[in-house]
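> Numbering (UniProt numbering), first residue to last: 1 to 263.
Note that CB positions come from ideal geometry on N, CA and C, so glycine has one too.
#1: For my contact list, residue 167 and residue 261 are in at a C-beta cut-off of 8 Å; report their separation, rounded to the angstrom.
#2: Which of the three DSSP states, helix, strand or coil, is assigned to residue 212?
#3: With a floor of 3 residues, list each beta strand (DSSP E) that falls wholly inside the segment 159-202, ordered by position along the chain.
#4: Report all residues from its chain with a CB closer than 8 Å to the CB of residue 246; omit the five preceding and five following residues, and keep chain order.
#5: Tell me the rounded alpha-carbon separation between residue 133 and residue 94.
#6: Under the rule that 16 or more other beta-carbon atoms within 10 Å means buried, what is residue 77, buried or exposed?
#7: Assess contact between the segment 204-214 and the segment 224-235, defined as three or more Cβ pairs (one per stretch) separated by less than 8 Å. Is contact present?
#8: Take the Cβ of residue 194 as the centre, count every other Cβ of all protein chains shown within 10 Å, and call the residue buried at 16 or more, exposed below.
#9: Applying the criterion that 16 or more other CB atoms from any shown protein chain within 10 Å of the CB defines a buried residue, is residue 251 buried or exposed?
#10: Can you check whether the CB of residue 98 is closer than 8 Å to the CB of residue 114?
#11: Assuming residue 246 is part of the alpha helix (DSSP H), what are its boundary residues?
#12: Can you list, in chain order, the residues of its chain whose CB lies under 8 Å from that of residue 15, leaving out five sequence neighbours each side?
#13: As an exercise, report each continuous alpha helix (DSSP H) stretch of at least 4 residues that is fully enclosed by the segment 54-112, in chain order.
#14: DSSP three-state call for residue 48: helix, strand or coil?
#15: Among 213, 90, 65 and 52, which one has its Cα closest to the Cα of residue 102?
#16: Near residue 87, what residues of its chain come up, given a Cβ to Cβ distance below 8 Å and the 5 sequence neighbours on each side ignored?
#17: Considering only residues of the same chain and omitting the five flanking positions on each side of residue 81, which have a CB-CB separation below 7 Å?
#18: Just the C-alpha distance for residue 183 and residue 199, rounded to the nearest angstrom, thanks.
#19: To which residues does DSSP link residue 140 through a beta bridge?
#20: Select from 179, 79 and 122 the residue whose C-alpha is nearest the C-alpha of residue 47.
#21: Have a look at residue 243 and residue 226 and give me their C-alpha separation to the nearest angstrom.
#22: Can you tell me whether residue 241 is helix, strand or coil according to DSSP?
#23: One question on the structure: do residue 351 and residue 240 come within less than 8 Å of each other, judged by their Cβ atoms?
#24: Taking buried to mean at least 16 other C-beta atoms within 10 Å of its own C-beta, is residue 181 buried or exposed?
#25: Measuring only the C-alpha atoms, how far is residue 258 from residue 188?
Rendered as structure tokens:
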């Protein structure tokens with residue numbers, strides 16, 4: 001009798017365990033399925049946001065390169081809108097909400113900044129995230145030939161609002177920085193990169209054949225007294241100067257010019 005009761009008790013315990021597993025499964029499995037569906041729904045949303053960002057970034061990259069040869073502030077916003085809408089068919093809207101072209105901030109010149117907002121619909125089994133709004137901001141620097149050779153700034157340094165001043169140094173000669181009116185600067189040439197603006201301001205040098213130079217080639221101009229642009233091999237090129245932020249010049253060990261004071 002005792003053995004029979006013990007056997008029934010063990011059967012009841014076994015049935016109770018099976019029942020508890022079923023109850024737990026009915027609670028956990030739907031939650032798990034919903035979580036998986038939510039993750040699956042998020043993936044195409046992230047993909048669309050990445051595509052929008054990539055399209056805007058590529059057009060910004062093209063604009064920073066083209067700005068070396070021409071100034072056209074209206075081109076980039078239009079190109080961004082066309083490309084984003086062409087490559088993202090599910091978009092309901094895409095707007096440029098802010099645009100600044102070749103401005104100066106935080107000691108860096110020729111910055112280009114664009115703010116944009118977009119909205120799109122994404123179908124999913126649960127009806128979640130049916131409408132998504134995505135905003136972004138992108139900043140680049142136009143390629144203008146100015147010389148910046150330093151370690152990248154940290155975020156705190158970039159956001160720090162401090163006054164900066166442009167000075168002129170001779171990278172291969174001397175250890176002083178000068179102002180624009182210094183006789184050392186005025187009597188020597190300036191390293192620039194050949195562009196349509198340079199061609200319109202200076203003619204080519206017949207001695208070194210700079211007329212054959214392609215756009216983007218480093219050339220040298222006597223901005224105060226010369227009328228031609230020269231190649232590095234030209235006999236007219238002796239010393240050349242480049243532009244640099246005063247803080248950077250001091251950090252690199254340049255001293256103020258004894259003649260002009262560098263200010």
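Taking the coordinates as given:
#1: Locating residue 167 in the chain shown gives position 167, where the first residue counts as 1. Locating residue 261 in the chain shown gives position 261, where the first residue counts as 1. About 10 Å separates the two Cβ atoms, so there is no contact after all.
#2: Start at 1 with the first residue of the chain shown, and residue 212 comes out as number 212. Helix.
#3: With a minimum length of 3 residues, the continuous beta strand (DSSP E) runs that stay inside the segment 159-202 are 166-169, 176-178 and 189-193.
#4: Taking the chain shown and counting its residues from 1, one reaches residue 246 at position 246. Taken in chain order, the residues that qualify are 164, 165, 166, 167, 177 and 262.
#5: On the chain shown, residue 133 is found 133 positions in, with the first residue counted as 1. On the chain shown, residue 94 is found 94 positions in, with the first residue counted as 1. Approximately 10 Å between the Cα atoms of the pair.
#6: The count along the chain shown starts at 1 and reaches residue 77 at position 77. The residue is buried, with at least 16 neighbouring Cβ atoms inside 10 Å.
#7: As far as the Cβ criterion goes, the segment 204-214 touches the segment 224-235, which means the pair count is three or higher.
#8: By one-based count along the chain shown, residue 194 stands at place 194. Counting of Cβ neighbours within 10 angstroms places residue 194 among the buried residues, the total reaching 16 or more.
#9: Taking the first residue of the chain shown as 1, we reach residue 251 at position 251. By the neighbour-count rule (16 or more Cβ atoms within 10 Å), residue 251 is not buried but exposed.
#10: To locate residue 114, count along the chain shown from 1; it is residue 114. To locate residue 98, count along the chain shown from 1; it is residue 98. Their beta carbons are under 8 Å apart, which means residue 114 touches residue 98 by this criterion.
#11: For the purposes of this step, residue 246 is taken as the residue at position 246 of the chain shown. 246-251 is the extent of the alpha helix (DSSP H) around residue 246.
#12: Reading the chain shown from its first residue, position 15 is the one you call residue 15. No answer about residue 15 holds up, because its pLDDT of 48 lies below 50 and its placement is not dependable.
#13: 75-87
#14: In the chain shown, counting from the first residue as 1, residue 48 sits at position 48. Residue 48 falls in the helix class under three-state DSSP.
#15: Numbered from 1 along the chain shown, position 102 holds the residue referred to as residue 102. Residue 102 has its Cα closest to that of 65, out of 213, 90, 65 and 52.
#16: As a working note, residue 87 is residue 87 in the chain shown. Counting only Cβ-Cβ distances below 8 Å, and skipping sequence neighbours, we find 51 and 55.
#17: Within the chain shown, numbered from 1, the residue matching residue 81 stands at position 81. Around residue 81: 94 and 96.
#18: In the chain shown, residue 183 corresponds to position 183, counting from 1. In the chain shown, residue 199 corresponds to position 199, counting from 1. Straight-line Cα distance between these residues: approximately 25 Å.
#19: Start at 1 with the first residue of the chain shown, and residue 140 comes out as number 140. According to DSSP, which records beta bridges pairwise, residue 140 is partnered with 112.
#20: For the purposes of this step, residue 47 is taken as residue 47 along the chain shown, with counting starting at 1. Of the listed residues, the one whose Cα sits closest to residue 47 is 122.
#21: Counting from 1 along the chain shown, the entry for residue 243 is found at position 243. Counting from 1 along the chain shown, the entry for residue 226 is found at position 226. So the alpha carbons of these two residues sit roughly 18 Å apart.
#22: Position 241 of the chain shown, counted from the first residue, corresponds to residue 241. It is a strand residue.
#23: Past the boundaries of the shown model lies residue 351; the chain is included only from 1 to 263, so the question cannot be answered.
#24: As a first step, residue 181 must be located in the chain shown, where it is residue number 181. So residue 181 ends up on the exposed side.
#25: Position 258 of the chain shown, counted from the start, is the residue given in the question as residue 258. Position 188 of the chain shown, counted from the start, is the residue given in the question as residue 188. About 17 Å.
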